[in-house]
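**Q** This is the structure I have questions about; it appears just below.
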Amino acid sequence: MKSQDTPFEGGPMDGRVLPVLLGPTGHPPKTYRIPVPDAAGGPPTVLVYRRVPRGHSRKLGLPQGWKYEFAAEGDKGAGRWSGGPSGLKWPWSKPGTTSGSESDTTSGTAPDATPGGRRDDADE
Numbered sequence: 009m010k011s012q013d014t015p016f017e018g019g020p021m022d023g024r025v026l027p028v029l030l031g032p033t034g035h036p037p038k039t040y041r042i043p044v045p046d047a048a049g050g051p052p053t054v055l056v057y058r059r060v061p062r063g064h065s066r067k068l069g070l071p072q073g074w075k076y077e078f079a080a081e082g083d084k085g086a087g088r089w090s091g092g093p094s095g096l097k098w099p100w101s102k103p104g105t106t107s108g109s110e111s112d113t114t115s116g117t118a119p120d121a122t123p124g125g126r127r128d129d130a131d132e
């Protein structure tokens, strides 16, 4: 596996450079989690670092390399695909229903093809 020396900024790892394994695309992972054991034997504290571009090329604006910045909020705010409170969201998923949504049954009768629950000639 190929690795790349990647600098860390902020947090307890500030100024350190660690070798990070690269993925199949040649980029390091978007988030880097470092478990730190608790001195009292409790659950470990997890330090979360997010990948950001180190610099950009002049002509094309491509990233020159990557560095990791400390994410003080941890796993929160990782974006749409982070599997937040509603779980993983796929682009083809239907949006969740809300209690304030307007329903087709305004008069309490069964829904039909006529919009707004109005009567038409087929209802007779």
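Residue 132 is where the sequence shown ends in the working numbering, and the numbering goes up by one at each step. Glycine is no exception: its CB is placed at the ideal position from the N, C-alpha and C atoms.
1. Look at Thr33 and Trp74 and say whether their C-beta atoms are less than 9 angstroms apart.
2. Just the C-alpha distance for Val28 and Ser101, rounded to the nearest angstrom, thanks.
3. Which residue from Gly23, Val56, Gln12, Leu26 puts its Cα closest to that of His35?
4. Quick one: residues in its chain with C-beta nearer than 6 angstroms to the C-beta of Gly82, no 5 flanking neighbours on either side, listed in chain order?
5. Over the uninterrupted beta strand (DSSP E) stretch that includes Lys75, give me the two end residues.
6. So which of Lys10, Val60, Ile42 has the shortest CA-CA distance to Pro52?
7. Which of the three DSSP states, helix, strand or coil, is assigned to Gly19?
8. If you drop the 5 nearest sequence neighbours on each side, which residues of the same chain put their C-beta closer than 8 angstroms to that of Leu26?
9. Using the beta-carbon count (16 or more within 10 Å), is Ala79 buried or exposed?
10. Rounded to a whole number of angstroms, what is the C-alpha to C-alpha distance between Ser65 and Leu30?
11. Return the bridge partner residues of His64 from the DSSP annotation.
**A** According to the structure shown:
1. no
2. 34 angstroms
3. Gln12
4. Val56
5. Segment 71-78, the beta strand (DSSP E) holding Lys75.
6. Ile42
7. helix
8. Asp13, Thr14, Phe16
9. When all chains shown are included, Ala79 counts as buried.
10. 21 angstroms
11. Pro71
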